[in-house]
DNA sequence: TCCTATATTTGACCGTGGTCATTATTAATC
DNA sequence: GATTAATAATGACCACGGTCAAATATAGGA
């Protein structure tokens with residue numbers, strides 16, 4: 252017969268997550284070692300894998316926390332400038348560590364349900380969609396598109412730009428690659444939201 | 252002083268690539284083991300890493316070959332239906348193995364120059380761009396957008412859809428996830444190319 | 001042809017993610 | 001409280017990617 256989970260199960264899991272959270276805060280996602288996690292949580296390595304299918308699942312959990320904190324503060328955009336600003340912030344949140352993009356790609360689909368990644372992405376899309384709906388009502392973007400779909404389009408562009416910015420730490424100027432990707436992101440956005448006026452959006456932003 | 256590379260260098264490298272190519276053909280990208288490669292190529296493991304920075308660089312090289320073969324046959328699209336068909340084929344090529352998407356994301360940026368991934372992606376974009384330019388001239392898509400930029404937008408949607416389709420082999424229906432992602436891809440494409448007529452494109456395709 | 005500096009190869013070795021048979025603990029029942 | 005069956009924790013072990021000091025082979029010059 253199946254029996255209700257023991258009381259210590261949740262405690263052990265919490266200890267593991269807390270230990271991992273601390274380590275990630277200190278070393279970044281890429282610096283996390285399962286050995287270090289179980290040492291700090293005072294469990295055996297096997298226990299780790301009894302609670303998480305693999306290391307990346309735990310990392311995805313923590314990434315969702317981090318992204319939620321970095322993205323929750325974003326206001327619903329009400330102007331072209333605010334929209335561009337939000338795009339830049341989410342872009343930064345998605346690509347500040349290479350590991351983040353890898354995890355997002357791996358866990359953005361059905362695989363990630365339950366880890367929080369899907370919720371974060373959904374919230375980002377919803378934030379864009381809400382802003383776009385308002386702007387559409389005020390005639391500030393091209394009419395006729397479904398705001399939710401346009402929001403998903405923006406997130407698609409974010410992923411693409413983040414991937415294009417991928418760059419080993421050693422070679423070439425990292426900021427240059429990032430800035431180039433950001434320009435691409437904004438031009439694509441303009442093409443989707445203000446068809447036929449790609450350059451106008453850039454001009455409007457550079458004025459602010 | 253630096254001296255010209257020895258004759259055997261290229262041979263050894265070719266043996267390694269050939270061995271890896273055979274293994275990938277047999278087991279898929281995920282099934283490749285460096286031990287197996289060096290065994291088949293009759294070299295030591297250290298030699299492998301003298302020729303490639305890591306395993307993924309070699310895999311990216313092979314993936315570029317594979318994608319080139321799968322994508323080279325695509326005709327420049329001259330109609331909505333052909334465009335949709337090309338999108339489906341590239342989507343399939345990008346997402347048929349989970350490992351493919353991972354490698355594409357990692358090596359689509361500046362990191363991937365010299366491995367062929369960047370060329371493949373460039374060719375795909377150029378293919379779409381060429382088709383879109385023609386369709387634009389004939390008034391078949393919304394006017395005013397830069398075809399090259401629109402092509403890049405389509406590739407961005409491809410990546411997003413492929414990520415959304417990510418699904419562990421064990422849980423849920425793989426085809427269902429893929430079909431859902433494909434619908435998303437087509438709706439996004441319609442929003443970009445035929446703003447305000449998302450459903451029309453679907454209807455046109457379902458008739459063919 | 002011999003010498004030597006450089007290029008290339010080698011394989012024992014290591015770090016780290018992940019497994020699994022075994023042991024310890026606990027919920028449920030009497 | 002004693003018994004037992006399910007649940008959780010353990011850590012020795014393995015697989016595999018990647019390293020590096022030492023060994024070997026070669027280009028180029030005398």
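Protein chains in written order, with my numbering: chain A, 252 to 459; chain B, 252 to 459. Using N, Cα and C, we set each Cβ at its ideal position, and we do this for glycine too.
| Check | Outcome |
| --- | --- |
| Run through chain B and tell me which residues come within less than 8 Å of residue 403 of chain A, C-beta to C-beta. | 411, 435, 439 |
| Tell me the DSSP secondary structure of residue 453 of chain B in three-state form. | With a pLDDT of 46 at residue 453 of chain B, under the threshold of 50, the modelled position of this residue cannot be trusted; read the value that follows with caution. Here residue 453 of chain B sits in helix by DSSP. |
| Cβ closer than 9 Å: which chain A residues qualify as neighbours of residue 257 of chain B? | What residue 257 of chain B touches in chain A: nothing, since even the nearest Cβ is about 26 Å away. |
| Enumerate, from N- to C-terminal direction, the unbroken beta strand (DSSP E) stretches of 3 or more residues contained entirely within the region 359 to 428 of chain B. | none |
| Kindly confirm or deny that the region 361 to 372 of chain B and the region 301 to 315 of chain B touch, where touching means at least three C-beta pairs closer than 8 Å. | yes |
| Could you tell me whether any Cβ in chain B is nearer than 9 Å to the Cβ of residue 357 of chain A? | yes |
| Assign residue 433 of chain B to buried or exposed, taking buried as 16 or more other Cβ atoms, counted over all protein chains shown, within 10 Å of its Cβ. | buried |
| Residue 279 of chain B versus chain A: which residues are under 8 Å apart at the beta carbon? | Chain A residues near residue 279 of chain B: none, gap ~17 Å exceeds 8 Å. |
| Can you name the residues of chain B whose CB is closer than 7 Å to the CB of residue 303 of chain A? | The premise fails here: residue 303 of chain A is roughly 14 Å from chain B at the closest Cβ pair, so nothing lies under 7 Å. |
| Return the CA-CA distance between residue 324 of chain B and residue 430 of chain B, expressed in angstroms with no decimal places. | 23 Å |
| Determine the contact status of residue 417 of chain A and residue 410 of chain B, defining contact as a CB-CB distance below 9 Å. | no |
| If you compare alpha carbons, which of A:441, A:413, A:389 is closest to residue 355 of chain B? | A:413 |
| By the DSSP assignment, the alpha helix (DSSP H) with residue 285 of chain B in it spans what residues? | 285 to 292 |
| Out of B:347, B:362, B:363, which has the shortest C-alpha to C-alpha gap to residue 426 of chain B? | B:347 |
| Starting from the Cα of residue 322 of chain A, find the closest Cα among A:335, A:308, A:344, A:302 and give me that residue. | A:344 |
| Per the contact definition of three or more C-beta pairs closer than 8 Å, is the region 280 to 293 of chain A in contact with the region 332 to 344 of chain A? | no |
| Say yes only if the C-beta of residue 392 of chain A is nearer than 8 Å to one or more non-hydrogen atoms of the ligand ZN, and no if none qualify. | For the structure depicted, the ligand ZN is absent and the ligand set is empty, with no information on it obtainable. |
| Helix, strand or coil, according to DSSP, for residue 442 of chain A in the structure here? | helix |
| Indicate whether the contact test is met: 3 or more Cβ pairs, each with one atom in the region 435 to 447 of chain A and one in the region 390 to 404 of chain B, closer than 8 Å. | yes |
| Do you know how far the Cα of residue 303 of chain A is from the Cα of residue 383 of chain B? | 46 Å |
| Here's the rule I'm using: 16 or more other beta-carbon atoms within 10 Å means buried, otherwise exposed. How should residue 353 of chain B be labelled? | buried |
| Under 9 Å between C-beta atoms, does residue 375 of chain A make it to chain B? | no |
| Near residue 297 of chain B, what residues of its chain come up, given a Cβ to Cβ distance below 6 Å and the 5 sequence neighbours on each side ignored? | none |
| Which ranges would you report for the alpha helix (DSSP H) in the region 298 to 356 of chain B if only whole runs of at least 4 residues count? | 306 to 322, 331 to 346 |
| Counting along the chain, where does the alpha helix (DSSP H) carrying residue 260 of chain A start and finish? | 258 to 278 |
| I'd like to know if residue 432 of chain B contacts chain A, where contact means its C-beta is closer than 9 Å to some C-beta of that chain. | yes |
| So if I threshold CB-CB distances at 9 Å, which residues from the region 265 to 292 of chain A count as touching chain B? | none |
| Starting from the Cα of residue 374 of chain A, find the closest Cα among A:330, A:326, A:389 and give me that residue. | A:326 |
| Kindly indicate which three-state DSSP category residue 254 of chain A falls into: helix, strand or coil? | coil |
| Would you mind giving the Cβ-Cβ distance between residue 360 of chain B and residue 428 of chain A, rounded to the nearest angstrom? I have them listed as a contact below 8 Å. | 7 Å |
| What did DSSP end up calling residue 295 of chain B once you bin it into helix, strand or coil? | coil |
| Quick one: list the residues of chain B neighbouring residue 408 of chain A, beta-carbon separation under 8 Å, in chain order. | 404, 407 |
| Given a cut-off of 9 Å on the beta-carbon distance, is the pair residue 470 of chain B and residue 377 of chain B in contact? | Beyond the ends of chain B as shown, which are 252 and 459, falls residue 470 of chain B; an answer cannot be given. |
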